[in-house]
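The opening residue of the sequence shown carries number 10 in our numbering; numbering runs sequentially from there. In what follows, a single structure is set out as structure tokens and then discussed.
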Amino acid sequence: MTEKKKRKLAMPDTLIIVASVVLLVAILSWIIPSGTYDYQQMEINGRVRNVAINGTYHVIDKSEVTTTGFLGFFSVLYRGCVEAADVIFMILCCCGTFGVVVKTGAFHAGIGTILKKLKGREILLVPIIMMIFGLGGSVFGMASEFYGFYPLIVGLGVALGYDAMFGFAIIAVGEFVGFMGATLNPYTVGIAQTIAGVELYSGTVYRAICLVVFMVLSIAYVMWYGKKIRKNPGASVVLGEKNIHAFDRDELNEYKFTRQDALVLLDVVVVLVVLMFGLIKWGWDFPQLCGLFLLMSMIAAAICKWSPNKWCKEFIDSAKTAMWGCILTGIAKAITVVMQDAQIMDTVIYGLSNLLKNAPHALSAQFMLIVQTLINFFIPSATGQASATMPIMAQLADIIGVSRQTAVLAFQFGDGLSNIFWPTADIVIICGLGGISLQKWYKWFTPLFLILFAAQAVLLGIATMIGF
Numbered sequence: 010m011t012e013k014k015k016r017k018l019a020m021p022d023t024l025i026i027v028a029s030v031v032l033l034v035a036i037l038s039w040i041i042p043s044g045t046y047d048y049q050q051m052e053i054n055g056r057v058r059n060v061a062i063n064g065t066y067h068v069i070d071k072s073e074v075t076t077t078g079f080l081g082f083f084s085v086l087y088r089g090c091v092e093a094a095d096v097i098f099m100i101l102c103c104c105g106t107f108g109v110v111v112k113t114g115a116f117h118a119g120i121g122t123i124l125k126k127l128k129g130r131e132i133l134l135v136p137i138i139m140m141i142f143g144l145g146g147s148v149f150g151m152a153s154e155f156y157g158f159y160p161l162i163v164g165l166g167v168a169l170g171y172d173a174m175f176g177f178a179i180i181a182v183g184e185f186v187g188f189m190g191a192t193l194n195p196y197t198v199g200i201a202q203t204i205a206g207v208e209l210y211s212g213t214v215y216r217a218i219c220l221v222v223f224m225v226l227s228i229a230y231v232m233w234y235g236k237k238i239r240k241n242p243g244a245s246v247v248l249g250e251k252n253i254h255a256f257d258r259d260e261l262n263e264y265k266f267t268r269q270d271a272l273v274l275l276d277v278v279v280v281l282v283v284l285m286f287g288l289i290k291w292g293w294d295f296p297q298l299c300g301l302f303l304l305m306s307m308i309a310a311a312i313c314k315w316s317p318n319k320w321c322k323e324f325i326d327s328a329k330t331a332m333w334g335c336i337l338t339g340i341a342k343a344i345t346v347v348m349q350d351a352q353i354m355d356t357v358i359y360g361l362s363n364l365l366k367n368a369p370h371a372l373s374a375q376f377m378l379i380v381q382t383l384i385n386f387f388i389p390s391a392t393g394q395a396s397a398t399m400p401i402m403a404q405l406a407d408i409i410g411v412s413r414q415t416a417v418l419a420f421q422f423g424d425g426l427s428n429i430f431w432p433t434a435d436i437v438i439i440c441g442l443g444g445i446s447l448q449k450w451y452k453w454f455t456p457l458f459l460i461l462f463a464a465q466a467v468l469l470g471i472a473t474m475i476g477f
């Protein structure tokens, strides 16, 4: 009697997962009632934004909106890519730029020099790098500005003797946990406090304490994983998968740090400092970011005495590695397009906010966190979510006995952490950039997500008790 071999079920590709979410939302566009709030223009931190007016929600007949049918489902995939064109070009620009900088050898020489000096203490790089990216997200609201670093840090994780997921987690968790534990982030704290009528950047000390708690938990989890796979390589969640960004440790040891390398790295630092000031002081956005990055790559090429043709070749070759991430970004954007066509976003906000009114008083802040986390699936933009939800949540906070400051805290927690969980948010983009499959990421990150979510709930409870 012959035994039948059991066929192992293959996990669907990330592209299939995201497209399935588009299909699900397309079906929901026929089921969820359409509706909208009235919006008013408000100047916030020097920019005019459309802000929802609490109490103005009204239902719209389905005949007045566009629900997504059979052909519309396939068409909306194209429309998602068109709608995400600015993000897609920014990703290509970031990856092309940092690809050029990496190919100058400056990063290899710098990392090789650091590893030689650490001599077996390379694990110390983990908290340092995670805190650097975390502070960028927490203080300046930097997120997309770090996209170009993903191939580099993923490669570093492999060079340190761990795996691609370890390197990916260093930057992804560090960056977005910092964004979640925002202290002075103008895109979350600044906008939400302004809309809620809370003194701008008040409560910074408590938010800084929250940031420290989140970063300690995250760093400990990443280092625990690193020690686990160093002891048992078979425990790696990406075992057997070759990552396109892997660095060879022996190759790094061959590089010598030169004056040319120092000038290239100085070019990177100067551009990033100018970019931070531009984003915060002058209201810069993707156009200026891309312009600066292009300039940075050209200066790096000039320092290394490359010909214009060599710069073009290396830039294009590097940008090609981001194509998967760009396609995923466009498909993920299709989810938002479907919801906008059917006008169901505000219905979701209205329904969830009504649930808050009946929440147990002692758990009001925690329910607000759950609501904001769910809403981030539908509105993954921090500024968009603040503009759409904070007018409603600020008024609800008064009704359910939660301070508006705590409501802002619940918003930034709910928005920040789920950015690297919901497939409608940034995780799809950065997985594409890092060459990490979404399903492997969920396997690795879900336990940490639950740990951090529990920490959020506890910190919101403390905030309520101390009258934050």
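Glycine included, every Cβ here is placed at the ideal spot set by N, Cα and C. Note that this is a predicted model, so its numbers are computed, not measured.
Check whether residue i and residue j have beta carbons under 9 Å apart
{"i": "M402", "j": "A205", "result": "yes"}
{"i": "F302", "j": "C102", "result": "yes"}
{"i": "F177", "j": "I200", "result": "no"}
{"i": "E323", "j": "A343", "result": "no"}
{"i": "N132", "j": "L447", "result": "For the record, residue 132 in the displayed sequence is Ile; it is not Asn. The answer is no: Cβ separation not under 9 Å."}
{"i": "M354", "j": "G423", "result": "no"}
{"i": "F430", "j": "Q394", "result": "no"}
{"i": "I62", "j": "P400", "result": "yes"}
{"i": "S5", "j": "V96", "result": "Lying outside 10 to 477, the shown extent of the chain, residue 5 is not represented and no answer is given."}
{"i": "T433", "j": "V60", "result": "no"}
{"i": "L365", "j": "L418", "result": "no"}
{"i": "F458", "j": "L426", "result": "yes"}
{"i": "T356", "j": "V68", "result": "yes"}
{"i": "L442", "j": "Y159", "result": "yes"}
{"i": "Y196", "j": "G235", "result": "no"}
{"i": "S153", "j": "F295", "result": "yes"}
{"i": "A328", "j": "G105", "result": "yes"}
{"i": "Y46", "j": "I358", "result": "yes"}
{"i": "A351", "j": "S43", "result": "yes"}
{"i": "L193", "j": "I179", "result": "no"}
{"i": "Y156", "j": "I218", "result": "no"}
{"i": "L405", "j": "I384", "result": "no"}
{"i": "V182", "j": "F454", "result": "yes"}
{"i": "E184", "j": "G129", "result": "no"}
{"i": "T65", "j": "S38", "result": "no"}
{"i": "D276", "j": "I325", "result": "no"}
{"i": "L272", "j": "L288", "result": "no"}
{"i": "L86", "j": "A28", "result": "yes"}
{"i": "V278", "j": "L304", "result": "no"}
Residue range of the alpha helix (DSSP H) that includes residue i
{"i": "I138", "result": "L134 to F149"}
{"i": "E92", "result": "F79 to E92"}
{"i": "Y159", "result": "Y159 to A168"}
{"i": "S29", "result": "T23 to I40"}
{"i": "N363", "result": "M354 to K366"}
{"i": "D424", "result": "R413 to L426"}
{"i": "D350", "result": "M332 to A351"}
{"i": "W453", "result": "L447 to M474"}
{"i": "Y264", "result": "From DSSP, Y264 is part of no alpha helix (DSSP H); its letter is neither H nor E."}
{"i": "L304", "result": "F295 to I312"}
{"i": "G176", "result": "A173 to M189"}
{"i": "T197", "result": "T197 -> no alpha helix (DSSP H), and no H or E assigned at all."}
{"i": "F116", "result": "A115 to L127"}
{"i": "N385", "result": "S373 to F387"}
{"i": "L220", "result": "T213 to K240"}
{"i": "K319", "result": "P317 to K329"}
Residue interval of the beta strand (DSSP E) (run including residue i)
{"i": "G44", "result": "S43 to T45"}
Nearest-angstrom beta carbon gap, residue j and residue i [assumed within contact, 8 Å]
{"i": "I460", "j": "Y230", "result": "7 Å"}
{"i": "G89", "j": "I340", "result": "6 Å"}
{"i": "V186", "j": "G143", "result": "6 Å"}
{"i": "G190", "j": "M232", "result": "Contact doesn't hold; Cβ gap of about 18 Å is too wide."}
{"i": "I445", "j": "A173", "result": "6 Å"}
{"i": "S396", "j": "R58", "result": "5 Å"}
{"i": "F188", "j": "G150", "result": "7 Å"}
{"i": "V222", "j": "A416", "result": "Incorrect: roughly 20 Å between the Cβ atoms, too far for contact."}
{"i": "V346", "j": "E92", "result": "6 Å"}
{"i": "I238", "j": "S227", "result": "Their Cβ separation, rounded to whole angstroms, is 17 Å, which puts I238 and S227 out of contact at 8 Å."}
One or two residues paired with residue i in a DSSP bridge
{"i": "E73", "result": "Answer is none; E73 lacks a bridge partner."}
{"i": "R56", "result": "I53"}
{"i": "V273", "result": "Beta-bridge pairing links V273 to no other residue."}
{"i": "V68", "result": "G44"}
{"i": "A61", "result": "Y48"}
Chain C within 9 Å of residue i, Cβ atoms only
{"i": "Q352", "result": "The chain inventory of the structure shown lacks chain C, comprising one protein chain alone."}
(Q) Pairs of beta-carbons, one from the segment 136-145 and one from the segment 411-420, closer than 8 Å: are there three or more? (A) no
Q. Three or more C-beta pairs closer than 8 Å, one from the segment 211-221 and one from the segment 241-250: is that the case here?
A. no
**Q.** At least 3 beta-carbon pairs within less than 8 Å: the segment 116-131 vs the segment 312-319
**A.** no
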